[in-house]
Structure formats: structure tokens, C-alpha cells
Amino acid sequence: MRARGTSYLTEALLRCPSPVPSDIRRRPSNRNKAAGSGQAKPTAETVHRLQTGPPRPPPSMAPLAVVAAALLLLLSGHPAQARAPTQHFAVKVGAAAGGKVDAASLCSNTDYPDLCVSAARGIRGSASEKALIAASIQAAIKKIQAAKARAASIVKAVSKGNRAESEIQTCQEVYDSALADLQSSMKALQRGSITDLKELLSSAMADVDTCDEGYDEAGEKSPLAVPDGETDKLASNALALAQASTKKGR
Numbered sequence: 000m001r002a003r004g005t006s007y008l009t010e011a012l013l014r015c016p017s018p019v020p021s022d023i024r025r026r027p028s029n030r031n032k033a034a035g036s037g038q039a040k041p042t043a044e045t046v047h048r049l050q051t052g053p054p055r056p057p058p059s060m061a062p063l064a065v066v067a068a069a070l071l072l073l074l075s076g077h078p079a080q081a082r083a084p085t086q087h088f089a090v091k092v093g094a095a096a097g098g099k100v101d102a103a104s105l106c107s108n109t110d111y112p113d114l115c116v117s118a119a120r121g122i123r124g125s126a127s128e129k130a131l132i133a134a135s136i137q138a139a140i141k142k143i144q145a146a147k148a149r150a151a152s153i154v155k156a157v158s159k160g161n162r163a164e165s166e167i168q169t170c171q172e173v174y175d176s177a178l179a180d181l182q183s184s185m186k187a188l189q190r191g192s193i194t195d196l197k198e199l200l201s202s203a204m205a206d207v208d209t210c211d212e213g214y215d216e217a218g219e220k221s222p223l224a225v226p227d228g229e230t231d232k233l234a235s236n237a238l239a240l241a242q243a244s245t246k247k248g249r
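What follows is the structure, given as C-alpha cells:
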């Protein structure tokens, strides 16, 4: 009977787990300590990355491109406020292009073709519209210089303080302005600005006409009508050649 009772007691003890002291449950095992002591400490870079999170991608440049495109559209949306583009000689003709051009054919675009051909005789090599314009302007400059010399001699012969002296002095003033315009037109031609060239030639022609208007109003013939007329015709030819080159896209 005791052996049987003992087996019952032994079985009951085996089924009931024995209490584990709390200090044993909290105490880490030597194995865990050994494993933990072998790990390397985290670096400062790792700690910073863990605190701040993953790196952010760089900002996109797309918004800046959109803003720049919008500004360009706004600036280009007011063509009326912008100055008209300057026309230029885009194509060289004649000797510069390796071909020969007939001066008479080019001069046919002018109102005074014979005077144009006469001015072209001083051109070396083959003629071109640009060379013909330069020759006409140079001839006009010589004519206006001759008119200035003629006016200077006339003013010495007239009486002081009368109307004739005033008219000659007016011619001397406009001749100075016309000469400056013709010289500036040569510079405009050299840099290829047809727009400035045409404006300066038109201004020179208007100055020359002013000299003769005073005599016309008084019913008198201008003593400077011949050089004035030749200067006006030469400037007109240069202007016609410049306009023809614009129409041809040159």
C-alpha cells in the first residue's frame, strides 16, 4: 500500500512545476552575456541615420524650369514694346561671293541708273549691291563737300544782314548735317545695318532739300541747285539699292 501511495505522491509532484525564484528569472545567462559582449558598438553615423531616418532625395529642378518658361512667355508676349529688329546684309554678292554681277543690272533698280553706273566705275573688281551703295554714298559726299565750298564763296559776296546771306547760311547748316548723315551711313553699311542706312540716307536727302526750299519760297533759283540735285540723286540711288537688297533677303 505504501509503494502505491508513494507513486501517487511522486506523480503529483511531477505534474506541479516547482517555483523558480524571481532573481533566477531576471538573471541573464552567461551565454547571453558572452554573446552580447562580442558585439561592436554602433558608430556616430549609424546613430545619426537611425535618429534622422533615411536621406531625403534632392529637390527637383522641374519647378524652376516651369517658372523660367513662364517668364519667357511673359517677356515675349509684348512685341509692341520691343524695337523693330534691325535688318542686315545676310548674303554677300559679286566678287565676295565668287561670281560676277552686272552693275547695269543692279542699277536698273534705281531712279537714276546712268548716275548709278557712273558712280560704279570706281569700283575695283566685280560689282555688288553693297559696293554700289558705297560708291553712290562716296559720290554724294564729294558733291556735298563741293556744295559747302560753293556756299562759303557765295556768303562772302553777299551783303551782310540781308535775306541772301540768311539763305546761304541756312544751306551751310544743313550741309553740315547732310555730310554727317552720309558719313554715318557709310559706317552703317560697313556694319551691315540696312535699317540705320536707310534712315540716314533719307535724313541727308531731307537736309539737302531744305537748302533749296528757301529759294523756292522766295521765287528765286538756288545758286546751289546743281550740286544739291546731284547729291539728292546719288543718295536716292543708294537708298533704292538698299531697299532692293532688303526685298531680295540680302
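Under numbering that gives the first Met the number 0, the residue at position 233 of the sequence shown is numbered 232, and the numbers go up by one with no gaps. C-beta: ideal position from N, C-alpha, C; glycine also.
Secondary structure of Ser-192, DSSP reduced to three states: Here residue 192 refers to the residue found at position 193 when the sequence shown is read from its first residue. Strand, per DSSP.
Own chain partners of Glu-229 with C-beta closer than 6 Å, once the 5 adjacent residues on each side are dropped: On the sequence shown, position 230 is the one that residue 229 refers to. Correct list, in chain order: Lys-142.
Beta carbon proximity, Asp-206 to chain D, threshold 8 Å: Of the chains in the structure shown, none is chain D; there is only one protein chain.
Alpha-carbon to alpha-carbon, Arg-162 and Glu-156: Mapped onto the sequence shown, residue 156 falls at position 157. Mapped onto the sequence shown, residue 162 falls at position 163. According to the sequence displayed, residue 156 carries Ala and not Glu. Going by the C-alpha atoms only, they are around 13 Å apart.
Length of the line joining the Cα atoms of Ala-203 and Leu-240: To locate residue 203, count along the sequence shown from 1; it is residue 204. To locate residue 240, count along the sequence shown from 1; it is residue 241. About 16 Å.
First through last residue of the alpha helix (DSSP H) which encompasses Glu-229: Stepping through the sequence shown from its first residue, residue 229 is reached at position 230. Segment 224 to 246, the alpha helix (DSSP H) holding Glu-229.
Buried or exposed by the 16-neighbour rule on C-beta atoms within 10 Å, applied to Val-207: Numbered from 1 along the sequence shown, position 208 holds the residue referred to as residue 207. That one is buried.
Terminal residues of the alpha helix (DSSP H) in which Glu-128 lies: The residue labelled residue 128 in the question sits at position 129 within the sequence shown. Per DSSP, Glu-128 belongs to the alpha helix (DSSP H) from 128 to 156.
Under the three-state DSSP convention, the category Lys-159 falls into: Translated into the one-based positions of the sequence shown, residue 159 becomes position 160. In the structure shown, Lys-159 sits in coil (DSSP, three-state: anything other than H, G, I, E or B).
Limits of the unbroken alpha helix (DSSP H) element including Ala-217: Working through the sequence shown from its first residue, we reach residue 217 at position 218. Note, Ala-217: premise wrong, no alpha helix (DSSP H); not H, not E.
Host alpha helix (DSSP H) of Asp-101 (start-end): Along the sequence shown, one-based indexing puts residue 101 at 102. No alpha helix (DSSP H) contains Asp-101, which DSSP labels as neither H nor E.
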